[in-house]
Amino acid sequence: MAVEGEVSVRKKREQESLWICFSMSEQLQSVFRDYKLLKSLMVIGQDVASLAGIGQLKYLEELWLVDAGLHQQNALYINECPSLTRLYLYGNELTAIPVLDQLGKLTHLWLSDNRIQTLQNLNCLKTVKNLYLGNNKISNIDIKPKQILKIEVINLSGNPLHTFNFCWKGSGEVDNSEEPQNVNPVGPLVPGHSCYSAGPLPSARYTLHARPGLPGYG
18 MAVEGEVSVR
28 KKREQESLWI
38 CFSMSEQLQS
48 VFRDYKLLKS
58 LMVIGQDVAS
68 LAGIGQLKYL
78 EELWLVDAGL
88 HQQNALYINE
98 CPSLTRLYLY
108 GNELTAIPVL
118 DQLGKLTHLW
128 LSDNRIQTLQ
138 NLNCLKTVKN
148 LYLGNNKISN
158 IDIKPKQILK
168 IEVINLSGNP
178 LHTFNFCWKG
188 SGEVDNSEEP
198 QNVNPVGPLV
208 PGHSCYSAGP
218 LPSARYTLHA
228 RPGLPGYG
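Residue numbers for the sequence shown follow the working numbering, beginning at 18 and rising by one.
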């Protein structure tokens with residue numbers, strides 16, 4: 018029995034990918050302790066009471082916390098994972114973009130289906146190229162060039178947008194106009210579009226929308 022136990026522990030320590038879905042059989046603190054070589058961790062449909070200790074996963078590159086009841090303060094622990102490149106936090110209770118200024122390798126951030134009301138903290142996402150904010154509560158957009166220096170794709174579909182002030186004309190030219198732009202109707206993109214990426218729980222609510230005619234994009 019002792020030998021079997023040692024083999025089990027060794028397998029945990031060597032494992033690089035782990036799914037925890039709709040189950041309370043795994044406590045996250047024990048996962049952080051026992052699976053220190055994880056590169057991918059997916060926690061779906063399970064309440065996350067605390068992320069304390071997640072900093073032990075120094076090699077973690079991809080983290081999914083989906084429909085996990087994640088709150089604002091708890092999300093700050095994610096800063097302790099310096100190797101993260103992809104972070105999926107959709108379907109939670111976030112009220113603002115988390116301050117993730119310690120994640121110097123992060124390129125993809127999914128924050129769809131939360132309760133985010135503004136783009137505050139956008140400038141903390143220093144390396145993010147793809148940002149998904151669909152189906153939140155954002156009504157006013159005021160984006161300046163320095164805030165989106167690296168962002169190539171931003172998805173705002175499903176938000177109750179009223180004004181859109183986008184001060185970027187492309188080619189390094191800044192628009193100093195303070196006049197907000199009216200929001201025009203948008204059209205859906207087909208799932209085959211290069212911007213579309215299905216999550217582990219795909220549904221029609223994640224359909225992206227095109228917004229043609231923005232300054233600097235057409």
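Using N, Cα and C, we set each Cβ at its ideal position, and we do this for glycine too.
### Task
Indicate whether Glu33 and Lys56 have their beta-carbon atoms separated by less than 7 Å.
Yes, Cβ-Cβ distance for Glu33 and Lys56 is below 7 Å.
### Query
Using DSSP with H/G/I as helix, E/B as strand and the rest coil, what is Asn140?
Helix.
### Query
Over what stretch of residues does the beta strand (DSSP E) that includes Arg50 continue unbroken?
Careful: Arg50 lies outside any beta strand (DSSP E), inside the alpha helix (DSSP H) at 45-51.
### Task
Output the distance between the C-alpha atoms of Ala113 and Leu136, rounded to the nearest integer angstrom.
Their Cα atoms are separated by approximately 7 Å.
### Query
Of all the options Leu128, Val65, Ser100, which has the alpha carbon lying nearest to the alpha carbon of Pro115?
Ranking Leu128, Val65, Ser100 by Cα distance to Pro115 puts Leu128 first.
### Message
Using the three-state DSSP reduction, which class does Asn109 fall into: helix, strand or coil?
### Response
Of the three classes helix, strand and coil, the one that applies to Asn109 here is coil, per DSSP.
### Message
According to DSSP, Asn147 sits in a beta bridge with which residue or residues?
### Response
Under DSSP, the beta-bridge partners assigned to Asn147 are His125, Val170.
### Task
Check the DSSP bridge columns for Arg103 and list the partner residues they point to.
Arg103 is bridged to Glu79, His125.
### Proximity below 7 Å, CB of Leu142 to CB of Ile171
In this structure, the beta-carbon distance from Leu142 to Ile171 does not fall below 7 Å.
### Own chain, CB closer than 8 Å to Ala69, minus 5 neighbours either side, in chain order
Excluding the 5 residues flanking it on each side, Ala69 has same chain C-beta neighbours closer than 8 Å at Gln46, Tyr94, in chain order.
### Query
If you run the structure through DSSP and keep just helix, strand and coil, what is Asn182?
It is a strand residue.
### Message
Within the continuous beta strand (DSSP E) that includes Asn91, where are the two ends?
### Response
According to the DSSP assignment, Asn91 belongs to no beta strand (DSSP E) but to the alpha helix (DSSP H) extending over 89-92.
### From Lys167, Glu169, Asp159, residue whose alpha carbon lies closest to that of Leu178
Taking only the C-alpha atoms, the option nearest Leu178 is Asp159.
### Message
Would Asn131 and Asn157 qualify as a contact pair, given that the criterion is a beta-carbon distance under 7 Å?
### Response
No, the pair does not count as a contact, with Cβ atoms beyond the cut-off.
### Query
From what residue to what residue does the beta strand (DSSP E) around Ile37 run?
Ile37 -> beta strand (DSSP E) spans 34-38.
### Query
When burial is assigned at 16 or more other CB atoms within 10 Å of the CB, is Pro202 buried or exposed?
Low confidence applies to Pro202: its pLDDT is 39, below 50, so where it sits in the model is not reliable enough to give any reading.
### Message
The beta strand (DSSP E) that contains Ile61, what's its start and end?
### Response
In this chain, the beta strand (DSSP E) harbouring Ile61 covers 57-61.
### Query
For Asp159, which residues does DSSP report across the bridge?
DSSP, once it has assigned bridges, lists Asn182 as partnering Asp159.
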